[in-house]
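Reading through the C-alpha cells given below for one structure.
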Amino acid sequence: MEKKPIDISFLGRSTLDAAQQLLGKEIETVIDGEVTSGFITEVEAYLGSNDRAAHTFDGKVTKKNAMMFEPYGHIYVYTIHGHNCMNFVTTTEQAEGVLIRAVEPSIGQNIMAERRGRSKNLSDGPGKLTEALGINRNDHNGMHINGTILKIYGGKTPKKIEATKRIGIDNKEEAVDYLYRFIVKGNPHVSRFKGIKDIDNGWK
DNA sequence: CGTTAGATCTGCT
DNA sequence: GCAGATCTAACGA
1158 MEKKPIDISF LGRSTLDAAQ QLLGKEIETV IDGEVTSGFI TEVEAYLGSN
1208 DRAAHTFDGK VTKKNAMMFE PYGHIYVYTI HGHNCMNFVT TTEQAEGVLI
1258 RAVEPSIGQN IMAERRGRSK NLSDGPGKLT EALGINRNDH NGMHINGTIL
1308 KIYGGKTPKK IEATKRIGID NKEEAVDYLY RFIVKGNPHV SRFKGIKDID
1358 NGWK
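For the first sequence, this note's numbering assigns the number 1361 to the last residue and increments by one with no breaks.
What follows is the structure in C-alpha cells.
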C-alpha cells in the first residue's frame, strides 16, 4: 500500500497541541535520492514572543529566526555550536514552532549510520537527527512540509505522552520550568534517556 | 574587526 | 557530571 502524507492543518492551530500530535509521526526525507525516515519520539514547543526561551521572544526578528514568522508548514533550520536543528513552524499569526528533538530510525538506517559515522545513537538528539536525515540549513531552511524533500506520514501512536522541562535553556529564567517538552514514554530514542525501556518502545 | 551567546555533541572522569 | 570542540550570527567599537 502506498503511503500518503498526512494533512498538516493541525499545525495551524495550537502549538502545544501540535507538538503532542507530532509524536509518533514518521518523518521521511529524500536527499540526493537516498530515502531515510524515523518516528518522532521527542519534541519541544516554543511559543514565540511569550516564551523567554524561544529565539522569537518579545517579537524580536533577526536574520536567523525570520523563518519562524512564516505561516505553519514551513521548516525552520538553524545552526548552533556547529550543529543543525529542525523546527516545524506552527500557526499563522504567531512566531511559534515545534523543535524536533529526536526520532526512532526507520528507513535507511544504514545511510544514517554512514552520515553519522557510527551505528548507535543515530538520532536521539536535535543535532543528531538532522545529520542522520541529511538536513542542513543552507539547503533546507524555509522548505515546506510535504514538499519534494520532506514528508510526514501517520506513523505510530504513543501509548503515553510524558511532559517534561525543556533542555539546554538553563539561563532562561522563568521559562526553564515550562513543561513544553514531550516524549514518548518508554522509548529509548530520546535525548538523555534515563527511564525504563518499554517492551514496544512505548508505541501502541 | 573582536566579543559573546546560543534550543549541542562527544568523550572522559 | 563536566570540559572542550566547533560554527554562525548578532552586536558594539
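Beta carbons are placed, not taken as given, at the ideal position from N, Cα and C, and that holds for glycine.
Three-state secondary structure assigned by DSSP to residue i
i       : result
Pro1283 : helix
Ile1324 : coil
Ala1252 : coil
Glu1421 : With the chain represented from 1158 up to 1361, any question about residue 1421 goes unanswered, as that position is not in the structure.
Met1243 : strand
Val1107 : This structure cannot speak to residue 1107, because the chain is shown only from 1158 to 1361.
Thr1219 : coil
Thr1236 : strand
Beta bridge counterpart(s) of residue i as assigned by DSSP
i       : result
Leu1307 : Thr1186
Ser1194 : Glu1185
Glu1261 : Phe1196
Ala1202 : Val1255
His1231 : Tyr1229 and His1301
Val1341 : Ile1318
CB of residue i within 7 Å of CB of residue j, strictly
i       : j       : result
Glu1261 : Thr1198 : yes
Leu1176 : Phe1339 : It is worth fixing the name first, because residue 1176 is Ala in this sequence and not Leu. Yes, the pair counts as a contact, with Cβ atoms nearer than the cut-off.
Glu1288 : Arg1275 : no
Ala1259 : Ser1348 : yes
Ile1268 : Ile1184 : no
Leu1179 : Val1200 : yes
Met1300 : Ile1306 : yes
Ile1302 : Thr1193 : no
Glu1250 : Gly1205 : no
Lys1342 : Glu1319 : yes
Gly1304 : Ile1163 : no
Asn1344 : Met1224 : no
8 Å contact criterion, which residue i and residue j should meet: CB distance rounded
i       : j       : result
Gly1359 : Lys1316 : 6 Å
Phe1167 : Lys1313 : The pair is not a contact, with the Cβ atoms about 17 Å apart (cut-off 8 Å).
Near the ligand ZN: residue i beta-carbon under 6 Å from a heavy atom
i       : result
Trp1360 : Summarising the ligand content, the structure contains no ligands, and the ligand ZN is consequently not present.
Whether or not the region 1219-1239 and the region 1283-1297 are in contact is what I'm after, with contact meaning three or more pairs of Cβ atoms, one per stretch, closer than 8 Å; do they touch? yes
Flag this pair as touching only if the region 1224-1233 and the region 1242-1257 have three or more C-beta atom pairs under 8 Å; answer yes or no. yes
Below 8 Å, how does it come out for the region 1201-1211 and the region 1324-1340: are there three or more Cβ pairs, yes or no? yes
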